[in-house]
Amino acid sequence: MSVIKTDRLILRPLTDNDAQEMFKNWTWDSRVAKYCRWHPHKSIEETKELLKMYKSQAENGFDYRWGITLKKDNSLIGVIDVIELSEDKKTAEVGYVLTYDYWNNGYLTEALKAVIKILFSDGIEKVIADHHIDNIASGRVMEKCGMKFTHYSKAKAKFGSDELCDVKCYEIIK
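For what it's worth, the working numbering labels the leading residue of the sequence shown as 105, then goes sequentially.
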């Protein structure tokens, strides 16, 4: 996987050494997890397990996941990734998470624009994403990146749960 540089960010592969910063910055934070499909982590061990899963996926060829770091101080402030790739490898579903203190500063818009560009250059023809219906800011990120609202849907509220939540779905076509 390549490193992606933008004006203010470096998107880079995650490493085992990122667990501490991920836990400190967002995986424990219920304000962040509120709109995500995972529960806040109760310990750094949960974050380490998540990184192990990411590493296993990368070793099996699924390598579209970047840590979002600030250029100015190399702080790890989030993750952006392809959640799912269609069988024909033409459609990619993206997701992202950002440390609460960095919300509403344009970082996710900057990261998502860069990732969409990379995906299109890698032969992906359509990028899709969804957000919890109450997470209006995430919809604005998608719109600022050229994604268009397509429909409402239901999605699992949290991994491992049967509870559903309403989501808004977006797409951008190459």
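Beta carbons are placed, not taken as given, at the ideal position from N, Cα and C, and that holds for glycine. Model, not experiment: these values are computed from the prediction.
Item                                                                                                               : Value
Relative to the C-alpha of residue 211, which residue among 269, 195, 232 and 249 is closest?                      : 249
By DSSP, does residue 171 sit in helix, in strand, or in coil?                                                     : strand
For a test of the three-state rule: what should DSSP assign to residue 108, helix, strand or coil?                 : strand
Residue 192 and residue 169: beta carbons closer than 8 Å?                                                         : no
State the start and end residues of the unbroken beta strand (DSSP E) segment that holds residue 213.              : Element bounds for residue 213: not the beta strand (DSSP E) but the alpha helix (DSSP H), 211-225.
Touch check for the region 175-184 and the region 196-206: three-plus C-beta pairs under 8 Å?                      : yes
Going by C-alpha to C-alpha distance, which of 235, 220 and 239 sits closest to residue 277?                       : 220
Quick check on residue 133: does DSSP put it in helix, strand or coil?                                             : coil
Distance check for residue 113 and residue 229, CA to CA, integer angstroms please.                                : 25 Å
Which residue's Cα is closest to the Cα of residue 256: 272, 268, 242 and 266?                                     : 272
What does residue 237 pair with, by DSSP beta-bridge criteria?                                                     : Its beta-bridge partners do not exist; DSSP assigns none.
Assuming residue 132 and residue 145 make a contact with CB atoms under 8 Å, what is their CB distance in whole Å? : 5 Å
Using the Cβ count rule (16 or more neighbours within 10 Å means buried), how would you classify residue 129?      : buried
So residue 244 and residue 173 are in contact, right, with Cβ under 8 Å, and what is the actual spacing, rounded?  : Contact doesn't hold; Cβ gap of about 23 Å is too wide.
Could you give the DSSP three-state label for residue 116: helix, strand or coil?                                  : strand
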